[in-house]
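Sequential numbering of the sequence shown, starting at 6, is according to the working numbering.
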Amino acid sequence: MPFTQFYTDESLLNYDVFPKVLVKNKKAKITVRPLGARPVFEKGKTYKMLVCALEQGKPYDYPASGDFKELSLTCNDEGGFAFEHTFTSEQMYFLRFLNDEGRRIVQFPVYCVDEDLNGRYPLRGDLHMHTIRSDGSQCPAVVCANYRKHGLDFMVVSDHNRYYPSLEAIEFYKNVPNGLTIVPGEEVHMPPVHGQESDFHTVNFGGEYSINALTDGPQTEEKGTDKKYRSLYGECPDFIPLAEWEDKMEALAKEYTDLPADLDPVPVAVFKWIYDEIRKANGLGIFPHPTWISDVYHVPTAFWNYVTEKGWFDAFEVLGGENYYEQNGLQTLKYYDDRANGMNYPVVGSTDSHSSNPQNRNAFICSTMVFSPENERKALISSIKQRYSVAIDTIDENFRLVGDLRLCKYTTFLLKYYFPLHDDLCREEGRLMKQYATGTAAEKEEALKVLAIIGDRVQKHREKYFDF
C-alpha cells in the first residue's frame, strides 16, 4: 500500500499538538491549537486534563504502577491550551481532557523517549530499488521524485551491476532545493570465477565507490573505467582485469579449508570480499532476500546460516519486495531465531522496486525507519550500524514492524500520529520534483521557484514536533 495511507487519527485533523515527542525528565512546553473544527472547548473555562501513561495500567486497577497525573488548564483565546509538563518514562502518553462530569472530551497522544534518542530524528527510507538503467521502469530522476511524493526522506538508486545511475540522480537534483537525501549505491553482481557462479545479490548502500566496477561487467562496458562514474568523489581502487580478479578470488577460496561439506568455497570467498570492499568504501553492506524464490531459494540455507554466524554483513534486508510468505515471513522468523541465539544484527526493509508507479502493487511494500541525528549518508549508515533502525512492512493497510521492541513501539506511534502530517508535505515536494524532471522549460522554472520556497519545510516541521 502507499506509504501515506497509514492511520490518520481524527485528533490530527482537528487540533495541532506540538511538540509530539518529548525527552524523559526534561520539562516540555506543549501547545494545543484548534484547526478549524467545531469547538469543543470554551474560552476562559478551566478543564481537567489527565496525563495517562499508556503502559502502566489504570491507577484504580493497578495502583502500584498506574500513572495518571492531573492538571487544571484554562482554555486560551485561541480555543486551545499551553502548558508545561515533565514526562518520566519512555512510552506513549494520552493528554486526556475531561468535561465537568469527568468524561473524556478528546485526547491527544504524545511520546516520551530516553536520552539516547534525543536528537535522533525518525527518517523513513528505501535502501534497494531499480531504474531503467537496469531492469526498472522509470529514469533515476523520476524514481526519486515519485518516492519523495510518497514520503521517503532518503533513498538509494541501486541498479543491478551499475553504480553510475545513483550518481546521475544525485547530480540531477544537486541544485534543486528539496528534503530528499539521495545516497549512492548499487546492487552488486560479481562474475563467475572460472565457471563457478557467485552471483548472490548484495546491496552497496552509500559506498563511496562501486564494487561492480572493480572488474569487468555492465558498468565498465557502458562507462569504461573512468573513476568519475565509479566513485562519489573521484577516488577508488584501480580496475582489476577479469582474469586477474578470478585468480584472486580462487586464491581466496583456497584459504577456506575447514568449511562444512555443504558449502562451496568460491561463493563464500567472494561474499566476504564484497562486504569487506563495501566497508572500505565507507558503505553499508546489505544482505538481501535469501528466501526470494528464483527457481529455488536465492541462496542455500546453509550459506545463509554461515555468513550470518560469521557476522560478515552490516545489515539484513529482513523485509523485501515480494508479498509471498516465504520471503518476508520466513526471513522475519529467522531474524528472531537469531536474536534468541545471541545474534543481534541491524535490519532494514526495502521495496526492491522495479517501478515507482502505484500500478506496481509492490512499489510501496516495505521501508526502513532510521533514527539518525542527520538526514545524511554517513549519519544514516552509522545509525543503522548502531541498530537504530526498524523494518516496516506495508503489504496491506495493517502495517507490521520488525526490529527491537522498544524502537517498534516508538515507530508505531510515529506512523500513526506524526507521519501522516509529514507525508502531506512530501507529497507536494515530490510532485514538484517530478515536474522539474519531466516538464517543459516553463514548468521546470516554476517548479524550481516553488521548491526554493518549500524545500526546507519538512526539516522545520520535524523541529516543531520533536522537542530535541
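Yeah, the Cβ is synthetic: ideal placement off N, Cα and C, and Gly gets one too.
- Remark: C-beta atoms of Cys149 and Met160 approach each other more closely than 8 Å.
- For Ile137, there is no enclosing beta strand (DSSP E), as DSSP marks it with neither H nor E.
- Taking each of Glu120, Gly222 and Arg153 in turn and checking the Cα distance to Tyr169, the smallest one comes out for Gly222.
- Tyr422 is a Cβ neighbour of Pro114, given a cutoff of 8 Å.
- The closest CA to that of Leu430, considering only Glu450, Lys154, Ala248 and Glu468, is found on Lys154.
- Val375 is positioned such that its CB atom lies closer than 8 Å to that of Tyr393.
- In its chain, beyond the 5 residues on either side, Val271 have a beta carbon closer than 6 Å to the beta carbon of Gln201.
- With a 10 Å radius around the Cβ and a threshold of 16 neighbouring Cβ atoms, Asp398 comes out buried.
- With respect to the 8 Å criterion, Gly290 and Phe318 are classified as neighbours on the basis of their beta carbons.
- A Cβ-Cβ distance of about 4 Å is found for the pair Val37 and Gly85, placing them in contact under the 8 Å criterion.
- Per DSSP, Asp21 is one residue of the beta strand (DSSP E) stretching across Tyr20 to Phe23.
- For His466, the enclosing alpha helix (DSSP H) starts and ends at Arg462 to Tyr470.
- Around the C-beta of Ser163, 16 or more other C-beta atoms lie within 10 Å, and the residue is accordingly described as buried.
- Annotated three-state conformation of Leu40 is coil, per DSSP.
- Taking the CA atoms as reference points, Leu453 sits about 21 Å from His466.
- For Glu191, no alpha helix (DSSP H) encloses it; the enclosing beta strand (DSSP E) starts and ends at Gly190 to Val193.
- Each residue's CA atom was taken as its position, placing Phe321 and Trp250 some 27 Å apart.
- Counting only unbroken stretches of 4 or more residues, the alpha helix (DSSP H) elements lying wholly within the segment 268-342 are 270-285 and 306-315, in sequence order.
- According to the DSSP secondary-structure assignment, Gly354 is paired through a beta bridge with Leu324.
- Shown here, Val161 sits in a strand according to DSSP, grouped into three states.
- Rounded to the nearest angstrom, the Cβ distance from Ser142 to His359 is 6 Å, consistent with a contact under 8 Å.
- The Cβ atoms of Lys439 and Val147 lie closer than 8 Å to each other.
- If you draw a 10 Å sphere on the C-beta of Asn333, you find 16 or more other C-beta atoms in it, and that means buried.
- When Cβ pairs closer than 8 Å are counted between the two stretches, the segment 97-104 is seen to touch the segment 50-60, the count reaching three or more.
- The C-alpha of Ile110 lies about 26 Å from the C-alpha of Val28.
- Excluding sequence positions up to five before and after His206, its CB lies within less than 6 Å of the CB of Glu192 and Pro293, all in the same chain and listed in chain order.
- Cβ-Cβ distances below 6 Å link Gly49 to nothing in the same chain once the five nearest sequence neighbours on each side are left out.
- In this structure, the straight-line span from the alpha carbon of Pro246 to that of Pro363 is close to 42 Å.
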